[in-house]
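**Q**
2 protein chains.
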Amino acid sequence: MSASSKPPVASGLRRKERPENLAERIYIQLKQEIFEFHLLPGDRFSETEVAARMAASRTPVREALYRLQRDGYVDVHFRSGWQVKPFDFRTFEELYDLRVVLECAAVRRLCEREREPSQLDDLKRIWLVPEAERLTDGQTVSALDERFHTMLVEACGNREMALIHAQVSERIRIIRRLDFTKDARVSATYSEHGQILRAILQRRSEEALLLLKSHIEASKAEVRKITLHMLHSARPQSDTSD
Amino acid sequence: MSASSKPPVASGLRRKERPENLAERIYIQLKQEIFEFHLLPGDRFSETEVAARMAASRTPVREALYRLQRDGYVDVHFRSGWQVKPFDFRTFEELYDLRVVLECAAVRRLCEREREPSQLDDLKRIWLVPEAERLTDGQTVSALDERFHTMLVEACGNREMALIHAQVSERIRIIRRLDFTKDARVSATYSEHGQILRAILQRRSEEALLLLKSHIEASKAEVRKITLHMLHSARPQSDTSD
DNA sequence: GAACACACTCTTGAATACAAGATGGCGTGC
DNA sequence: GCACGCCATCTTGTATTCAAGAGTGTGTTC
Numbered sequence: 001m002s003a004s005s006k007p008p009v010a011s012g013l014r015r016k017e018r019p020e021n022l023a024e025r026i027y028i029q030l031k032q033e034i035f036e037f038h039l040l041p042g043d044r045f046s047e048t049e050v051a052a053r054m055a056a057s058r059t060p061v062r063e064a065l066y067r068l069q070r071d072g073y074v075d076v077h078f079r080s081g082w083q084v085k086p087f088d089f090r091t092f093e094e095l096y097d098l099r100v101v102l103e104c105a106a107v108r109r110l111c112e113r114e115r116e117p118s119q120l121d122d123l124k125r126i127w128l129v130p131e132a133e134r135l136t137d138g139q140t141v142s143a144l145d146e147r148f149h150t151m152l153v154e155a156c157g158n159r160e161m162a163l164i165h166a167q168v169s170e171r172i173r174i175i176r177r178l179d180f181t182k183d184a185r186v187s188a189t190y191s192e193h194g195q196i197l198r199a200i201l202q203r204r205s206e207e208a209l210l211l212l213k214s215h216i217e218a219s220k221a222e223v224r225k226i227t228l229h230m231l232h233s234a235r236p237q238s239d240t241s242d
Numbered sequence: 001m002s003a004s005s006k007p008p009v010a011s012g013l014r015r016k017e018r019p020e021n022l023a024e025r026i027y028i029q030l031k032q033e034i035f036e037f038h039l040l041p042g043d044r045f046s047e048t049e050v051a052a053r054m055a056a057s058r059t060p061v062r063e064a065l066y067r068l069q070r071d072g073y074v075d076v077h078f079r080s081g082w083q084v085k086p087f088d089f090r091t092f093e094e095l096y097d098l099r100v101v102l103e104c105a106a107v108r109r110l111c112e113r114e115r116e117p118s119q120l121d122d123l124k125r126i127w128l129v130p131e132a133e134r135l136t137d138g139q140t141v142s143a144l145d146e147r148f149h150t151m152l153v154e155a156c157g158n159r160e161m162a163l164i165h166a167q168v169s170e171r172i173r174i175i176r177r178l179d180f181t182k183d184a185r186v187s188a189t190y191s192e193h194g195q196i197l198r199a200i201l202q203r204r205s206e207e208a209l210l211l212l213k214s215h216i217e218a219s220k221a222e223v224r225k226i227t228l229h230m231l232h233s234a235r236p237q238s239d240t241s242d
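As they're listed, the protein sequences go chains A and B. Be aware that the first sequence starts at 1, since it is given in the working numbering, and climbs by one per residue. Be aware that the second sequence starts at 1, since it is given in the working numbering, and climbs by one per residue.
1. Let me check one thing: in DSSP terms, what residues is A:Gln83 bridge-paired to?
2. Take the Cβ of A:Ile28 as the centre, count every other Cβ of all protein chains shown within 10 Å, and call the residue buried at 16 or more, exposed below.
3. Count the other C-beta atoms from every protein chain shown that fall within 10 angstroms of the C-beta of A:Val153, then say buried if there are 16 or more, exposed otherwise.
4. Is the CB-CB distance between B:Leu30 and B:Leu68 below 8 Å?
5. Is B:Pro130 buried or exposed, if buried means 16 or more other CB atoms sit within 10 Å of its CB?
6. Would you call A:Phe180 buried or exposed, if buried means 16 or more other Cβ atoms sit within 10 Å of its Cβ?
7. Against chain A, which members of the segment 160 to 175 of chain B pass a CB distance test of less than 8 Å?
8. My output table needs one value for A:Arg202: the three-state DSSP class, helix, strand or coil.
9. State the start and end residues of the unbroken alpha helix (DSSP H) segment that holds B:Ala105.
10. Whose Cβ in chain B lies nearer than 8 Å to the Cβ of A:Glu94?
11. What separation, rounded to the nearest whole angstrom, lies between the Cα atoms of A:Val100 and B:His165?
12. In angstroms, rounded to a whole number, what distance separates the CA positions of A:His229 and B:Cys111?
13. Terminal residues of the continuous alpha helix (DSSP H) containing B:Gly157?
14. How many whole angstroms separate the CB atoms of B:Ile172 and B:Tyr96, which I take to be in contact at a CB cut-off of 8 Å?
15. Comparing C-alpha positions only, which one of A:Thr189, A:Gly194, A:Arg44 sits nearest to A:Glu217?
16. Answer with yes or no whether the minimum CB distance from B:Val101 to chain A is below 8 Å.
17. Distance cutoff 8 Å, beta carbons only. Does B:Ala248 sit that close to anything in chain A?
18. With burial defined as no fewer than 16 other Cβ atoms inside 10 Å of the residue's Cβ, what is the status of A:Arg177: buried or exposed?
19. Measuring alpha carbon to alpha carbon, tell me which residue in B:Arg159, B:Ala162, B:Ala155, B:His149 is nearest B:Glu192.
20. Buried or exposed, going by whether 16 or more other CB atoms sit within 10 Å of the CB of A:Val223?
21. Considering A:Phe37, what are the terminal residues of the alpha helix (DSSP H) in which it resides?
22. Do the segment 36 to 46 of chain A and the segment 78 to 91 of chain A meet, that is, are 3 or more Cβ pairs less than 8 Å apart?
23. Would you grab the beta carbon distance between A:Ala199 and A:Leu211 for me? Rounded to a whole angstrom, and I think it's under 8 Å.
24. Helix, strand or coil for B:Thr240, going by three-state DSSP, please let me know.
25. Grouping DSSP H, G and I as helix and E and B as strand, with all else coil, what is B:Asp121?
26. Which residue wins for smallest C-alpha separation from B:Arg185, given the options B:Arg159, B:Ile226, B:Ile174?
27. DSSP three-state label for B:Lys133, please.
28. Taking A:Phe37 as the reference, which of A:Ile126, A:Asp121, A:Ile174, A:Ala51 has the closest Cα?
29. Answer yes or no: does any C-beta atom of chain B fall closer than 8 Å to that of A:Thr48?
30. Give me, in chain order, the residues of the same chain whose beta-carbon lies closer than 7 Å to that of B:His77; leave out the 5 immediate sequence neighbours on both sides.
31. Work out the CA separation of A:Gly138 and B:Ser118 for me, nearest whole Å.
32. Can a CB atom of chain A be found closer than 8 Å to the CB of B:Asp88?
33. In the structure shown, what three-state DSSP assignment does B:Lys182 receive?
34. So which residues of chain B does A:Leu98 contact, with C-beta pairs closer than 8 Å?
35. Is the shortest distance between the beta-carbon of B:Glu63 and the beta-carbons of chain A less than 8 Å?
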């Protein structure tokens, strides 16, 4: 048979453009599969299986899996396969609390500053718009919501803090998205972000902190309810005990 | 670069006791070499070289190196070797600031709590001792110092926060140790930790926060001076530009 | 003498081969 | 019919092999 199994990757290969690391591609794709519930929490799988699915060898697959493990998305069982980490509410709540800590620190610093970082302008353009111009698609607003909080932290200039916060946010994303399936949360997000932003711009530190805290706590509480419900109704036969 | 690096691992191999992962062992050993300046910031090396030194193949070495990369200790240059990350003061300062944020949040929570977590008892036993019983060895006190701050965060019960904080602390450790080469800092550490601990035990939140902040800032400032001096005096020919 | 080009070596990235242990099913003994 | 034990298979961990590009040094040419 022909050697046509070679994927037509080279489509847009102008300039030097590195093939971008097989391991990296697999890492991204696996994470996406987890986020999209293609791989469900508790699911078990083997390196060979993933390698076959990705049309690669085990080597880059293992590299990707180890990264995902360090990120907290999967676990390896010694000589007994991999597993998507089951949902752990305590962990999610801890991550939410960590977000509160990081973002409050960021806001506090932002309010102390005289000049406004450029990131705040971007946020103004997105969130301080007339109601008629508000976006309504849940997933879009969900992504913008994450970006809002991420940019608040980025704006205060500490790259390490921003990195950690981005990781925490990504880790929560899988359940935070569920929060935006209701229209009420979408419009509440617009009004809450607007309030927070205005408080920051007016250097009303304490007010901004309170608003931010309750905004995140609301999200946390909602997600908790939704996720509980989801876990009860979906796949009641799935038994993650082992 | 002694060839006697073959460890007598099998000494205590009773029960099942897994050989503990070659990759893990290499990871730990490499990190130690970096911390002990056996591998200097800016040094370049190849996977093959490390593999030979560790008496293993490239596979576990690569796994260890990728972990170290994600931890922020080394960098890989595409098909051109690995490099111990050169010192970057901005990063160190950002990590110090991140510590301040996390530890202040922890202390705030500890002060709000009625019951004292058991970790505080351990800390009392170590730091609230008569002057005569104080330890004087710099490296020992340095390790205890890191443990002090780590336990403060652990005590407030958020495991994710504690994990991040531990990572940040470890990352700073390489230069923080230099702070404890002077006796003055050692005794200052005892008195400052004592003050902080007492303030927490008496639920004097604001006082504890101020003390903690200035304690960390002092450490940050000292380390900055020492490290600058070290970098100037040692190996002035090393050029890490590229 | 200087500059350019070629080739060789060394590097990481990926695939394959080998090793050892965990798991589950099947068969046998009671 | 049930329980125990063995074996076949599947899993990850590690070593080795193959591939391709980056960098360097040398030789040649102007």
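All residues carry an ideal CB built from backbone N, CA and C; glycine is no exception.
**A** With the given structure in hand:
1. The residue labelled residue 83 of chain A in the question sits at position 83 within the first sequence. Partner(s): A:Arg44, A:Asp75.
2. Here residue 28 of chain A is taken as the residue at index 28 of the first sequence, counted from 1. Counting Cβ neighbours within 10 Å, A:Ile28 comes out exposed, since fewer than 16 surround it.
3. Here the question's residue 153 of chain A lines up with position 153 in the first sequence. Flag for A:Val153 reads buried.
4. Translated into positions along the second sequence, residue 30 of chain B becomes position 30. Translated into positions along the second sequence, residue 68 of chain B becomes position 68. In this structure, B:Leu68 lies closer than 8 Å to B:Leu30 by Cβ.
5. Here the question's residue 130 of chain B lines up with position 130 in the second sequence. The residue is exposed, with fewer than 16 neighbouring Cβ atoms inside 10 Å.
6. Counting from one through the first sequence, the residue named residue 180 of chain A turns up at place 180. So A:Phe180 ends up on the buried side.
7. Glu160, Met161, Ile164, Val168
8. Within the first sequence, the letter at position 202 stands for residue 202 of chain A. The question names Arg, but residue 202 of chain A is Gln in the sequence shown. Note: A:Gln202 maps to coil in three-state DSSP.
9. Here residue 105 of chain B corresponds to residue number 105 of the second sequence, with the count starting at 1. That run of the alpha helix (DSSP H) goes 89 to 112.
10. Looking up residue 94 of chain A in the first sequence gives position 94. Residues of chain B with a Cβ closer than 8 Å to the Cβ of A:Glu94 are, in chain order, Asn158, Arg159, Glu160, Met161.
11. For this step, residue 100 of chain A is matched to residue 100 along the first sequence. For this step, residue 165 of chain B is matched to residue 165 along the second sequence. Taking the straight line joining both Cα atoms gives about 15 Å.
12. Numbered from 1 along the first sequence, position 229 holds the residue referred to as residue 229 of chain A. Numbered from 1 along the second sequence, position 111 holds the residue referred to as residue 111 of chain B. So the two alpha carbons sit approximately 35 Å from each other.
13. Position 157 of the second sequence holds residue 157 of chain B. Counting along the chain, B:Gly157 falls outside any alpha helix (DSSP H), and DSSP gives it neither H nor E.
14. Counting from one through the second sequence, the residue named residue 172 of chain B turns up at place 172. Counting from one through the second sequence, the residue named residue 96 of chain B turns up at place 96. Yes, they are in contact, since the Cβ atoms of B:Ile172 and B:Tyr96 sit about 7 Å apart, within 8 Å.
15. For this step, residue 217 of chain A is matched to residue 217 along the first sequence. Ranking A:Thr189, A:Gly194, A:Arg44 by Cα distance to A:Glu217 puts A:Thr189 first.
16. Residue 101 of chain B sits at position 101 when you count from the first residue of the second sequence. True, the Cβ-Cβ gap to chain A drops below 8 Å.
17. Residue 248 of chain B falls outside the range modelled here, since chain B spans only 1 to 242, and no answer is possible.
18. Residue numbering aside, residue 177 of chain A sits at position 177 when the first sequence is read from its first letter. A:Arg177 comes out buried.
19. By 1-based counting over the second sequence, the position of residue 192 of chain B is 192. Per the Cα distances, B:His149.
20. The residue given as residue 223 of chain A occupies position 223 in the first sequence. When all chains shown are included, A:Val223 counts as buried.
21. Numbered from 1 along the first sequence, position 37 holds the residue referred to as residue 37 of chain A. A:Phe37 -> no alpha helix (DSSP H), and no H or E assigned at all.
22. yes
23. The residue given as residue 199 of chain A occupies position 199 in the first sequence. The residue given as residue 211 of chain A occupies position 211 in the first sequence. So it is a contact: roughly 6 Å between Cβ atoms.
24. Here residue 240 of chain B corresponds to residue number 240 of the second sequence, with the count starting at 1. Legend: pLDDT at B:Thr240 = 40, less than 50; position of this residue unreliable, value from coordinates given subsequently. When DSSP states are grouped into helix, strand and coil, B:Thr240 belongs to the coil group.
25. As a position in the second sequence, residue 121 of chain B is number 121, starting the count at 1. If DSSP states are grouped into helix, strand and coil, B:Asp121 belongs with the helices.
26. Walking along the second sequence from the start, residue 185 of chain B turns up at place 185. Comparing Cα-Cα distances from B:Arg185 to each of B:Arg159, B:Ile226, B:Ile174, the minimum goes to B:Ile226.
27. Taking the second sequence and counting its residues from 1, one reaches residue 133 of chain B at position 133. The sequence given here places Glu at residue 133 of chain B; Lys does not occur at that position. It is helical.
28. On the first sequence, position 37 is the one that residue 37 of chain A refers to. Distance check between A:Phe37 and each of A:Ile126, A:Asp121, A:Ile174, A:Ala51 places A:Ile174 closest, using alpha-carbon atoms only.
29. For the purposes of this step, residue 48 of chain A is identified with residue 48 of the first sequence, where counting begins at 1. Chain B contact via Cβ: absent.
30. One-based indexing of the second sequence puts residue 77 of chain B at position 77. Cβ within range, chain order: Gln83.
31. As a first step, residue 118 of chain B must be located in the second sequence, where it is residue number 118. As a first step, residue 138 of chain A must be located in the first sequence, where it is residue number 138. The alpha-carbon atoms of B:Ser118 and A:Gly138 are separated by roughly 45 Å.
32. Your numbering for residue 88 of chain B matches position 88 in the second sequence. Closer than 8 Å: no.
33. Looking up residue 182 of chain B in the second sequence gives position 182. It is coil, neither helix nor strand.
34. Here residue 98 of chain A refers to the residue found at position 98 of the first sequence. Those are Asn158, Glu160, Met161, Ile164, listed as they occur along chain B.
35. On the second sequence, position 63 is the one that residue 63 of chain B refers to. Yes, because at least one Cβ of chain A sits closer than 8 Å to the Cβ of B:Glu63.
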